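Converting from the sequence shown to the working numbering requires adding 9 to each position, the first position being numbered 1.
Using N, Cα and C, we set each Cβ at its ideal position, and we do this for glycine too.
Bear in mind the structure is a predicted one, so any value in this text is a computation, not a measurement.
Please read the structure below before turning to the comments.
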Amino acid sequence: MEQVSQAEFWQQRYEQDSTGWDMGKISPPLKAYIDQLPESAKHQAILVPGAGNAYEVGYLHEQGFTNVTLVDFAPAPIEAFAARYPHFPSTHLICADFFSLSDEQYQFDWILEQTFFCAINPARRDEYVQQMAALLKPNGKLVGLLFNKDFGQVQPPFGGTQAEYQQRFAPYFDIEIMEPSDNSHPARQGSELFIKMRIKD
Ligand SMILES: C[S@@+](CC[C@H](N)C(=O)[O-])C[C@H]1O[C@@H](n2cnc3c(N)ncnc32)[C@H](O)[C@@H]1O
Numbered sequence: 010m011e012q013v014s015q016a017e018f019w020q021q022r023y024e025q026d027s028t029g030w031d032m033g034k035i036s037p038p039l040k041a042y043i044d045q046l047p048e049s050a051k052h053q054a055i056l057v058p059g060a061g062n063a064y065e066v067g068y069l070h071e072q073g074f075t076n077v078t079l080v081d082f083a084p085a086p087i088e089a090f091a092a093r094y095p096h097f098p099s100t101h102l103i104c105a106d107f108f109s110l111s112d113e114q115y116q117f118d119w120i121l122e123q124t125f126f127c128a129i130n131p132a133r134r135d136e137y138v139q140q141m142a143a144l145l146k147p148n149g150k151l152v153g154l155l156f157n158k159d160f161g162q163v164q165p166p167f168g169g170t171q172a173e174y175q176q177r178f179a180p181y182f183d184i185e186i187m188e189p190s191d192n193s194h195p196a197r198q199g200s201e202l203f204i205k206m207r208i209k210d
C-alpha cells in the first residue's frame, strides 16, 4: 500500500498504459459545475491535484480560466498535457508531491478533486484533509467527486463512505453539498458523491 505514495508507482502506470481510471475526457459532473460558474470566477486561483492527464485543467483553460494550476508527481501525464496545451503557462504545471506543497507559496480559491483522494494511501486521509485546508484561502472551497463505494481493495481506487467523509472533513470544512451524483460518467453511475465544502472560518 505504501507504494501509492511513490511517484514511480504512478509513472509506471502511465508508461505501461495501465490507466484504467482515465476517462479520456472531463468528468460530466465537473463539466456541469464549471459551466454554471459566473464570469467572475474566471480569474480565481484553482488547483487540480493528482491531475493525471488533466482533462479538467484543459477544459478550464479552454473556457478562459486564467489561473489554473495542476500538480502531479508523475512526469508522464504532465509532459503529455504540456504537449497538448503548448500555451498553458508552464509555471502552473507542478511536478511535485501534493503533500510537499507549501501553503506559504500556494493559496487557492478552490481546489478540484477528481480521483485523487481515492489514489492516496487511506492512512493519509486526515493528512489530505489538512493539506487541502492549508492550501485554501479564507472562504475557499473544495469541489469534486468522491467514490461512495467501498472497493475492499489493497490497491487504488480506495473507496469510502459518506459517513467516513463527513467525519474526516468536518473538523476543517463546512460541507455544503455531499450527495450522490446524478450525471456521472456511465462507468461510474451510482458510485460517486458530488462534494462542495467550504473551509471553516
Ligand atoms: C487515479 S489517478 C487520477 C488522475 C486524474 N485525476 C484522472 O481522474 O484521470 C491519481 C493521480 O494522482 C497522482 N498522485 C498520487 N499521489 C500523489 C501525490 N502525493 N502527489 C501528487 N500526485 C499524486 C498520480 O500520479 C496520478 O496521476
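Near ligand 1: residue i beta-carbon under 8 Å from a heavy atom
| i | result |
| --- | --- |
| tyrosine 94 | no |
| glutamine 123 | yes |
| serine 14 | yes |
| glutamine 20 | yes |
| valine 138 | no |
| methionine 8 | Since the first residue of the chain shown is 10 and the last is 210, residue 8 is not available in this structure. |
| tryptophan 119 | no |
| valine 80 | yes |
| serine 190 | no |
| isoleucine 129 | yes |
Counted within 10 angstroms of its Cβ, other Cβ atoms place residue i as buried (16 or more) or exposed
| i | result |
| --- | --- |
| isoleucine 87 | buried |
| proline 180 | exposed |
| threonine 124 | buried |
| aspartate 106 | exposed |
| asparagine 148 | exposed |
| lysine 150 | buried |
| alanine 91 | exposed |
N- and C-terminal bounds of the beta strand (DSSP E) containing residue i
| i | result |
| --- | --- |
| tryptophan 19 | Segment 16 to 24 is the alpha helix (DSSP H) holding tryptophan 19; no beta strand (DSSP E) there. |
| aspartate 183 | 182 to 189 |
| proline 58 | 55 to 58 |
| leucine 121 | 117 to 122 |
| glycine 153 | 145 to 156 |
| aspartate 81 | 77 to 81 |
| isoleucine 103 | 102 to 104 |
Span of the alpha helix (DSSP H), counted from its first residue to its last, around residue i
| i | result |
| --- | --- |
| lysine 209 | Run containing lysine 209: none; DSSP gives neither H nor E here. |
| phenylalanine 67 | Rather than phenylalanine, the amino acid found at residue 67 in this sequence is glycine. 64 to 71 is the extent of the alpha helix (DSSP H) around glycine 67. |
| leucine 39 | 37 to 44 |
| phenylalanine 178 | 171 to 178 |
| arginine 93 | 84 to 93 |
Does the stretch 196 to 205 touch the stretch 142 to 155, meaning 3 or more C-beta pairs lie closer than 8 Å? The stretch 142 to 155 and the stretch 196 to 205 touch, with no fewer than 3 CB-CB distances between them shorter than 8 Å.
At least three beta-carbon pairs within less than 8 Å, the stretch 26 to 34 to the stretch 55 to 63: The stretch 26 to 34 and the stretch 55 to 63 touch, with no fewer than 3 CB-CB distances between them shorter than 8 Å.
Contact the stretch 77 to 87 vs the stretch 33 to 52: 3+ CB pairs below 8 Å: No contact exists between the stretch 77 to 87 and the stretch 33 to 52.
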